[in-house]
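Just so you know, the sequence shown maps onto residues 30 to 86 in the working numbering.
Positions of the beta carbon are idealized from the N, C-alpha and C atoms, including for glycine.
One structure is given here, and the rest of the page talks about it.
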Amino acid sequence: MGQARCGWGKWIRGLLILLVFILGVAAGIWLARQYAIDLCLDAGGSWTDSVVWTCER
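In structure tokens form, the structure reads like this:
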């Protein structure tokens, strides 16, 4: 029983690490997009241009 529990703990820990990693990457992408949109708006581009990444600086 103890060994099975240890195995489960490892599996759950691996899953949690993976989940945190995925969330971190998603947050990074989201923040980068927000930053790009802000830069685009500051440069005088329209909001729709910045959303579809066709902003000219």
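Distance, residue j Cα to residue i Cα
i, j, result
"A56", "I46", "15 Å"
"G38", "L48", "15 Å"
"Q63", "L52", "16 Å"
"I58", "F50", "12 Å"
"L60", "L68", "12 Å"
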